[in-house]
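Heads up: the structure comes next, in structure tokens.
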Amino acid sequence: MTTELTGTAGQAPTNDPWVDALPQAILLSEGGLVTRVNAAAVRLWGVPQDRALGRPVLEIVRRHTLEALIDRGGELELEAGGRTLRCTAVRHAQSSSLIVEDITEHRRREAELREATAVLSHEFRTPVAALRGVLEALEYDMPTDLAQNFVKQGLQETERLARLVEDLAVGFRPTRARTLPLSEAFTRAERLLSTELATRQAQLSFGQDHLVRADPDKLLQVLLNLIENALKYGPHGQPVEVQTSLRGTWVEVRVLDQGAPIPDTDSLFRAHTRGQQATGQGSGMGLYIVRSIVHGWGGQAWAERQENGNAFCFTLPGVSGLG
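Note that the sequence shown covers residues 84 to 406 in my numbering.
Okay, structure coming up:
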């Protein structure tokens, strides 16, 4: 395509009208002087065709990096005015062609895909760990009723994994909201965290029960993230308290730890961000997922420094009649 645009050395470039229909910006030059710009190039650089003809390339593109690219040929990406541009230059004797394509949306979609992969990886970790624990427990002889209880837990986590797989097609917004007591989510969270609580010799307590409107699995994911962080970054053996309160039509949940006060609480909710006290490996996606889920049902998520630790809080729609 580029050879047809520039033609052979000594010949004038084509002025076919289809060039102006291209979404890519096209600039043709001969001996360092512009011989043609198409309509997309006029929009990109703001220089009309008649004013661009015969001018030095640098006066039109206004970037030494592009001038050098046109001179040597090749490809590069650059940021300009908040847009990502892929620039390709081809030389033929004294003639050159520069093709500039706006790939901002392409890069945005790539970033969203990476983020979605990180979110799924993080959300799959908990049910997979729970299933591993169930299968390890079933390797040992135990009373039939206890074994049936483990099987039931495994089936619940298998169903949760199936719903996560379905989320691949429908996104990550809560889509299965129902009315439930907070105690239902608290019970599931405590059961899934029982091994970690025993290992850290920590007690977990919950506040007053309230009826709420939320996706049970998403609510569980929020609680697990916040309680796991409190256990991980709080002192060994110290209790973790989950408080609840009414705020108008909303229910506020606060997960309290006794760890060192966090200097910059809001930054922790950004993607791929970890606290200064964080150790070991981690994706830095936990609190980002928490805020994304909570925003999905219209609530707010934040953290507060306290004299004896930190409070990680979120709100969710309340339903009158309990608590």
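For glycine and all other residues, C-beta sits at the position ideal for the given N, C-alpha and C. These numbers were taken from a predicted model, which means no experiment stands behind them.
Report task. Rounded to whole angstroms, what's the CA-CA distance from Val125 to Arg330? Just pull it up for me. Result -> When rounded, the separation of the alpha-carbon atoms in Val125 and Arg330 is 56 Å.
Requested in this report: Mind checking who Gly401 pairs with in its DSSP beta bridge?
Outcome: Val295
Query raised in the report: By how many angstroms is the C-alpha of Glu188 removed from the C-alpha of Ile143?
Result: 25 Å
Requested in this report: On a CA-only basis, which of Glu387, Ala394, Thr398 is nearest Arg374? Give me that one, please.
Outcome: Thr398
Query raised in the report: Considering only residues of the same chain and omitting the five flanking positions on each side of Gly157, which have a CB-CB separation below 7 Å?
Result: Ala172
Report task. Count the other C-beta atoms from every protein chain shown that fall within 10 angstroms of the C-beta of Gln107, then say buried if there are 16 or more, exposed otherwise. Result -> buried
Requested in this report: Return the residue from the list Leu370, Gly379, Ala343 that minimises the CA-CA distance to Asn391.
Outcome: Ala343
Query raised in the report: For Ala135, which residues of its own chain have a beta-carbon under 7 Å away from its beta-carbon, when the five flanking residues on both sides are left out?
Result: Hits under 7 Å: Val117, Val120, Ile143.
Query raised in the report: For Glu302, which option in Pro322, Glu267, Trp333 has the closest C-alpha, if you only look at C-alpha atoms?
Result: Checking the displayed sequence, the identity of residue 302 turns out to be Leu instead of Glu. It is Glu267 whose Cα lies nearest to the Cα of Leu302.
Query raised in the report: Under the rule that 16 or more other beta-carbon atoms within 10 Å means buried, what is Val377, buried or exposed?
Result: buried
Query raised in the report: Cα separation between Asn393 and Gly382?
Result: 20 Å
Query raised in the report: Which whole-angstrom value describes the C-beta separation of Asp185 and Leu168, a residue pair presumed to lie in contact below a C-beta threshold of 8 Å?
Result: 6 Å
Query raised in the report: Are Leu307 and Thr209 touching if we call contact CB-CB under 7 Å?
Result: yes
Query raised in the report: Taking the continuous alpha helix (DSSP H) assigned at Ile376, which residues delimit it?
Result: 369–379
Requested in this report: Count the other CB atoms, across all protein chains shown, that sit within 10 Å of the CB of Leu111; report buried if there are 16 or more and exposed otherwise.
Outcome: buried
Query raised in the report: Looking at the structure shown, is Glu383 part of a helix, part of a strand, or coil, going by DSSP?
Result: It is worth fixing the name first, because residue 383 is Gln in this sequence and not Glu. Collapsing the DSSP output to three states places Gln383 in coil.
Query raised in the report: Apart from the five residues on each side of it in sequence, which residues of its chain come closer than 7 Å, Cβ to Cβ, to Glu324?
Result: Ser288, Leu339
Report task. Reducing DSSP to helix, strand and coil, say where Pro139 ends up. Result -> strand
Requested in this report: Would you list, in sequence order, the uninterrupted beta strand (DSSP E) runs of no fewer than 3 residues that lie entirely inside the region 150–176?
Outcome: Complete beta strand (DSSP E) runs here, min 3: 157–163, 166–175.
Requested in this report: Since I believe Leu351 is in contact with Ala462 (beta carbons under 8 Å), could you give me their beta-carbon distance rounded to a whole number of angstroms?
Outcome: The structure shown does not extend to residue 462, since the chain is modelled only from 84 to 406, so the question has no answer here.
Query raised in the report: Excluding the five sequence neighbours on either side, which residues of its own chain have a C-beta within less than 8 Å of the C-beta of Val234, listed in chain order?
Result: Val217, Leu221
Report task. Within its chain, find whatever has a CB closer than 7 Å to the CB of Gln326; leave out the 5 residues flanking it on each side and keep chain order. Result -> Gly290, Arg337, Leu339
Query raised in the report: For Ile310, does the three-state DSSP call read helix, strand or coil?
Result: helix
Requested in this report: Return the CA-CA distance between Arg388 and Cys396, expressed in angstroms with no decimal places.
Outcome: Cα to Cα, the separation comes out at about 11 Å.
Query raised in the report: For Asp340, which three-state DSSP category applies?
Result: strand
Query raised in the report: What is the rounded straight-line gap between the Cα of Val402 and the Cα of Thr262?
Result: 7 Å
Query raised in the report: With 16 as the cutoff for other CB atoms within 10 Å, does Arg271 come out buried or exposed?
Result: Within a 10 Å sphere around the beta-carbon of Arg271 sit 16 or more other beta-carbons, which makes this residue buried.
Report task. Please go through the same chain and pick out, in chain order, the residues whose beta-carbon is closer than 6 Å to the beta-carbon of Gln236, but skip the five residues on each side of it. Result -> Val217
Query raised in the report: Taking all protein chains shown into account, do 16 or more other C-beta atoms lie within 10 angstroms of the C-beta of Tyr223, making it buried, or fewer, making it exposed?
Result: exposed
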